[in-house]
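Worksheet: one structure, shown below.
Number of protein chains: 2
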Amino acid sequence: MGRIESDQPQNSHFNPLNPEEFRKRAHEMVDFIADYFQNIESYPVLSQVQLGYLRAILPENAPERPEPFETILKDLQNQIIPGMTHWLSPNFFAFFPSTVSRAGFLGEMLCTCFNTVGFNWLASPAATELEMTVMDWLADMLKLPESFMFQGSGGGVIHNTTSEAVIVTLIAARDKALDLIGSDDVNKLVVYASDQTHSTFAKACKIVGIPPTNIRLIPTTLAGGFSLSPSELRMAVETDVASGLVPVYLCLNLGTTSTTAIDPIEPLACVAKEHGMWVHVDAAYAGSACICPEFRHHLNGIELVDSLSLSPHKWLLTFLDCCCLWVQNPNSLVKALSTNPEYLRNKQSESDSVVDFKDWQLGTGRRFKSLRLWLIFRSYGVVNLQTHIRSDVRMAKMFEGLVRSGPRFEIVVPREFGLVCFRFYPGENCGFEYSKMLNRKLLDWVNSTGRVYMTHTKVGGVYVLRFAVGATLTDDRHVAAAWELIKEGADALLKTI
Amino acid sequence: MGRIESDQPQNSHFNPLNPEEFRKRAHEMVDFIADYFQNIESYPVLSQVQLGYLRAILPENAPERPEPFETILKDLQNQIIPGMTHWLSPNFFAFFPSTVSRAGFLGEMLCTCFNTVGFNWLASPAATELEMTVMDWLADMLKLPESFMFQGSGGGVIHNTTSEAVIVTLIAARDKALDLIGSDDVNKLVVYASDQTHSTFAKACKIVGIPPTNIRLIPTTLAGGFSLSPSELRMAVETDVASGLVPVYLCLNLGTTSTTAIDPIEPLACVAKEHGMWVHVDAAYAGSACICPEFRHHLNGIELVDSLSLSPHKWLLTFLDCCCLWVQNPNSLVKALSTNPEYLRNKQSESDSVVDFKDWQLGTGRRFKSLRLWLIFRSYGVVNLQTHIRSDVRMAKMFEGLVRSGPRFEIVVPREFGLVCFRFYPGENCGFEYSKMLNRKLLDWVNSTGRVYMTHTKVGGVYVLRFAVGATLTDDRHVAAAWELIKEGADALLKTI
Chain A
471 MGRIESDQPQ NSHFNPLNPE EFRKRAHEMV DFIADYFQNI ESYPVLSQVQ
521 LGYLRAILPE NAPERPEPFE TILKDLQNQI IPGMTHWLSP NFFAFFPSTV
571 SRAGFLGEML CTCFNTVGFN WLASPAATEL EMTVMDWLAD MLKLPESFMF
621 QGSGGGVIHN TTSEAVIVTL IAARDKALDL IGSDDVNKLV VYASDQTHST
671 FAKACKIVGI PPTNIRLIPT TLAGGFSLSP SELRMAVETD VASGLVPVYL
721 CLNLGTTSTT AIDPIEPLAC VAKEHGMWVH VDAAYAGSAC ICPEFRHHLN
771 GIELVDSLSL SPHKWLLTFL DCCCLWVQNP NSLVKALSTN PEYLRNKQSE
821 SDSVVDFKDW QLGTGRRFKS LRLWLIFRSY GVVNLQTHIR SDVRMAKMFE
871 GLVRSGPRFE IVVPREFGLV CFRFYPGENC GFEYSKMLNR KLLDWVNSTG
921 RVYMTHTKVG GVYVLRFAVG ATLTDDRHVA AAWELIKEGA DALLKTI
Chain B
471 MGRIESDQPQ NSHFNPLNPE EFRKRAHEMV DFIADYFQNI ESYPVLSQVQ
521 LGYLRAILPE NAPERPEPFE TILKDLQNQI IPGMTHWLSP NFFAFFPSTV
571 SRAGFLGEML CTCFNTVGFN WLASPAATEL EMTVMDWLAD MLKLPESFMF
621 QGSGGGVIHN TTSEAVIVTL IAARDKALDL IGSDDVNKLV VYASDQTHST
671 FAKACKIVGI PPTNIRLIPT TLAGGFSLSP SELRMAVETD VASGLVPVYL
721 CLNLGTTSTT AIDPIEPLAC VAKEHGMWVH VDAAYAGSAC ICPEFRHHLN
771 GIELVDSLSL SPHKWLLTFL DCCCLWVQNP NSLVKALSTN PEYLRNKQSE
821 SDSVVDFKDW QLGTGRRFKS LRLWLIFRSY GVVNLQTHIR SDVRMAKMFE
871 GLVRSGPRFE IVVPREFGLV CFRFYPGENC GFEYSKMLNR KLLDWVNSTG
921 RVYMTHTKVG GVYVLRFAVG ATLTDDRHVA AAWELIKEGA DALLKTI
């Protein structure tokens with residue numbers, strides 16, 4: 471059974487939070503984690519295990535009695551880590567990276583330690599007020615109008631994911647429309663977005679009961695940079711209105727998942743506003759870049775929209791989960807989502823000026839996540855966060871340059887932020903299907919080395935490789951080595967076909 | 471500006487995850503946290519600050535340049551902590567406690583460190599497979615039938631909160647019904663629960679588009695232990711069916727928030743099944759107790775229900791957020807919630823046997839939370855977790871005994887788990903309103919001391935004080951001291967009226 475742990479029950483006394491035992495083990499864990507960060511390049515970035523590898527080696531039941539910490543750590547190293555895809559690896563160029571930092575980690579340690587459940591103000595005043603403050607700070611960094619801040623008449627809230635931000639704003643929009651047209655008419659409501667919008671948008675619509683047939687995903691083109699066209703939007707909306715349907719919600723993208731395409735906010739919001747629609751901007755990835763003046767213009771027209779969300783876990787070093795949502799009219803959220811059971815009532819919540827964040831989100835419980843943003847903003851300052859964004863963009867630009875310099879590759883979509891969309895394209899007479907086969911083989915080969923992890927997408931019928939620069943530990947040399955590996959794969963591929 | 475930090479940009483190089491700097495600061499943070507745990511009794515458990523206290527002292531904007539870690543920690547201590555309600559305090563008897571442990575903390579550190587985004591199997595195989603394994607382990611500890619396990623034909627998933635578990639199962643039930651009766655008929659769908667059900671149930675129903683007029687919250691009584699009565703349920707369902715409505719979902723409680731009332735699963739599920747309804751059991755708090763044989767009978771009939779959720783953050787030491795949901799038919803969730811965008815496609819996800827957890831939840835991204843449960847189960851073993859549940863129940867029983875021993879107090883609802891529902895009741899001719907006034911004053915007085923935090927509820931017209939035992943650091947002496955304080959408050963109160 472191994473040695474006796476102090477956790478073992480003695481005279482039926484069990485203390486799972488003995489501070490001295492905690493101190494000892496947590497120090498050991500810090501060293502384990504620091505070593506992991508230090509050695510991360512020694513692991514294959516994409517796990518090479520087979521489906522079911524872990525379930526086959528783990529016991530069927532939880533142990534009856536405690537096991538020594540050393541055994542558990544050994545199993546972590548030998549059983550769990552080999553099956554992990556290392557999102558923190560500097561060789562991770564897949565999806566969008568989820569960025570991290572020392573300050574974010576320390577903030578998360580505090581958030582965990584306090585284990586505060588801040589559903590309303592009284593449940594932990596500091597949790598509510600610090601969240602209000604950092605949401606205003608970030609709004610200011612993004613140069614949002616005061617109407618999105620608590621300092622003005624709006625405000626922001628930290629959600630887990632973009633999906634949640636889209637769901638709550640959809641509900642606010644849906645309920646506002648149903649109040650006007652009658653609650654029996656949910657099947658008349660129509661929502662709009664470009665066909666490049668993340669799949670969670672359609673999922674969110676289905677969740678809140680918008681019929682799938684009323685979700686308009688308007689086609690975009692390579693020539694149009696995969697942006698939603700205001701005239702196409704107008705046409706779709708007017709057709710629906712003519713059929714007696716009710717336009718209710720427009721979701722705009724600032725940086726789509728496939729290619730970081732950008733929808734022009736101002737002209738699109740104008741179309742939507744003519745029809746009284748709720749306009750949401752999903753800036754999950756690229757919104758963070760707008761803290762740099764050179765990217766801020768992508769938010770032009772933001773004063774015309776109802777809500778904006780972006781995920782600091784994607785590009786502002788916070789670790790998961792952290793999605794920030796701002797609204798100009800918090801009452802629309804509160805009206806749709808508030809509850810007032812007796813067991814949560816208190817004097818403060820009955821005051822008009824209080825913010826009870828449970829009424830801004832789907833669930834009741836919520837963690838003290840603002841600590842992470844607070845530690846990041848103060849530890850690094852706005853200047854360093856801008857440096858960090860620019861450094862990723864500079865490395866992506868460097869990779870773009872390398873692709874352009876290679877004769878057998880091409881950039882498929884112009885690069886805007888940290889994502890490069892390219893493909894292997896060895897000859898003029900390379901049809902869609904053949905090109906897809908080649909690029910798929912190249913991708914599989916690269917990923918199977920464990921030295922680089924990239925993903926793909928398909929846009930305008932073209933199979934495209936995505937190279938997303940931004941893992942926190944990535945440096946110029948990793949980008950250069952990735953490019954060498956890709957060229958090596960392409961050379962090998964050409965020899966086999 | 472303080473001293474220069476190594477985070478400060480030098481030659482435009484900014485490394486927010488330098489492993490050695492991380493190691494140093496994280497060790498300091500461990501000591502800060504261990505000290506916090508050690509000194510927690512020195513803080514008022516319920517914060518005594520005024521609305522707006524923190525926003526008034528924090529700067530309006532984030533700093534341009536980095537600030538020293540020491541300054542930030544000092545502000546944490548002087549500005550943030552005074553505004554916190556200390557959920558970890560052994561004197562916290564409010565709501566339900568959120569339990570914690572050393573192993574849970576270490577698991578959370580690992581989860582953060584890896585920052586794995588396990589939306590599908592390939593994105594991190596170990597994350598998916600460990601979650602499947604610990605969900606089966608916990609199902610086994612609860613003696614759930616194999617039909618709720620991956621070892622059988624079902625399975626479980628970790629959500630953030632009960633709300634999410636209720637929403638996803640409501641959607642599965644809603645879509646199944648609409649497939650049968652036609653998608654235009656959402657206004658015909660009716661859902662059922664007792665009037666003791668958590669307010670998030672009605673909120674979840676509104677979120678998924680069930681009309682508020684179709685939410686039946688069936689009255690319960692003190693005499694009936696606030697349980698939902700099978701005959702009342704049958705009557706409500708039959709009335710609705712006779713009006714042409716379609717019963718679609720029944721939410722049962724195993725331990726309500728107000729009084730830990732229990733709905734008898736077997737007879738209620740039988741009524742629901744006659745009408746083809748989805749039956750969900752919300753066992754957020756008390757479900758965890760069913761790992762002890764003496765409480766397991768509350769799950770009798772569980773094989774008749776479609777889904778069960780419970781929150782280990784409430785009683786299994788995991789820290790927030792951790793809600794476990796099991797379903798007998800995972801396909802019903804996947805059918806309602808799956809997405810398949812090109813940028814997430816991969817060979818493994820196209821295999822029938824793979825579990826992609828994004829299709830079991832609302833959003834896409836998800837953390838590697840199973841590490842927490844894994845560390846807890848292995849570090850403590852089932853035996854210690856049972857000891858921990860029993861210890862809380864024993865202390866609640868002790869408090870119940872003290873209340874019964876005092877001449878001026880009464881137990882309002884028989885105690886079942888760790889919650890005691892009682893009131894100050896100084897005389898026979900004490901009407902509802904007078905009693906409410908007295909108990910409210912007593913509660914305010916007790917909470918204003920900062921030495922104990924309790925909350926209240928109202929059931930069957932009676933204003934009741936709730937004393938929930940279960941904060942991880944609570945010991946017999948804290949329960950005894952709380953009782954002395956309550957008596958002191960009652961004595962003082964009697965002198966003023």
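Residue numbers (the working numbering), protein chains in the order written: chain A, 471 to 967; chain B, 471 to 967. The C-beta atom is built at its ideal place from N, Cα and C for all residues, glycine as well.
- A/M605 is not a Cβ neighbour of A/I761, given a cutoff of 9 Å.
- In this structure, B/R686 lies away from B/A712, with their beta-carbon atoms at least 9 Å apart.
- In the DSSP assignment, A/S664 falls within the beta strand (DSSP E) that extends over L659 to S664.
- With contacts defined by Cβ atoms closer than 9 Å, A/S779 and A/L795 form a contacting pair.
- Less than 9 Å divides the Cβ of A/I772 from the Cβ of A/F618.
- Bridge pairing for A/P717: A/V660 [DSSP].
- In this structure, the straight-line span from the alpha carbon of B/N657 to that of A/I677 is close to 15 Å.
- Take B/K911, set aside five residues on each side of it, and the residues of its chain with a beta-carbon closer than 7 Å to its own are L963, in chain order.
- Short of 8 Å from the beta carbon of A/L787, and not among the five residues preceding or following it, lie these beta carbons of its own chain, in chain order: T569, V570, S571, A573, G574, I846, Y850, L855, H858 and T942.
- Taking every protein chain shown into account, the CB of A/F902 has fewer than 16 other CB atoms within 10 angstroms, so this residue is exposed.
- If you draw a 10 Å sphere on the C-beta of B/Q666, you find 16 or more other C-beta atoms in it, and that means buried.
- Residue state for A/C792 is assigned as coil, using DSSP reduced to three classes.
- Taking a contact as a CB-CB distance under 8 Å, the pair A/H629 and A/C793 counts as one, their CB atoms being some 4 Å apart.
- B/S701 is not a Cβ neighbour of B/T690, given a cutoff of 9 Å.
- Apart from sequence neighbours up to five positions away, the residues of its chain that approach B/V741 with a beta-carbon distance below 7 Å are P700, L703, R704 and V707, ordered along the chain.
- Put simply, the stretch 873-882 of chain A does not touch the stretch 557-568 of chain B. Fewer than three CB pairs are less than 8 Å apart.
- Taking CB atoms only, A/H497 has a neighbour in chain B less than 9 Å away.
- At a Cβ-Cβ threshold of 9 Å, B/V922 and B/L889 do not count as neighbours.
- Taking 8 Å as the upper bound for CB-CB distance, B/T598 and B/F827 are in contact here, some 6 Å apart.
- Think of a sphere of 7 Å around the beta carbon of A/Q818: the chain B residues whose beta carbon falls inside it are L521, in chain order.
- Residue environment: B/N684 is assigned as buried (16 or more neighbouring CB atoms within 10 Å of its CB, all protein chains considered).
- If you check each beta-carbon in the stretch 937-948 of chain A against every beta-carbon of chain B, the ones closer than 8 Å belong to T942 and L943.
- A check of alpha carbon separations from A/F584 across B/K867, B/A609 and B/P560 identifies B/P560 as the nearest.
- Along the stretch 679-709 of chain A, the positions whose C-beta sits under 9 Å from a C-beta of chain B are G679, I680, P681, P682 and T683, read in chain order.
- Counting only Cβ-Cβ distances below 7 Å, B/R878 has no contacts in chain A at all, with the closest Cβ about 24 Å away.
- Short of 6 Å from the beta carbon of B/Y933, and not among the five residues preceding or following it, lie these beta carbons of its own chain, in chain order: K906 and N909.
- Any Cβ of chain A closer than 9 Å to the Cβ of B/R837 would place that residue at the interface, and such an atom is present.
- Neighbours of A/L487 in chain B, taken as residues whose beta carbon is under 7 Å from its own, are F507, V570, S571, R572, T942 and L943 in chain order.
- DSSP places B/K817 in the coil class of the three-state scheme, outside both helix and strand.
- For A/V949, the enclosing alpha helix (DSSP H) begins and ends at D946 to T966.
- Contact between A/M554 and B/S594 holds, with the beta-carbon distance rounding to 5 Å and staying under 8 Å.
- For B/N684, DSSP assigns no beta-bridge partner whatsoever.
- Here B/S664 is near B/D733, since their CB atoms are less than 9 Å apart.
- When secondary structure is reduced to three states using DSSP, B/E880 falls in the strand class.
- The continuous beta strand (DSSP E) containing B/H629 extends over residues G625 to H629.
- Not flagged as an interface residue toward chain A: B/T919, since no C-beta distance is shorter than 9 Å.
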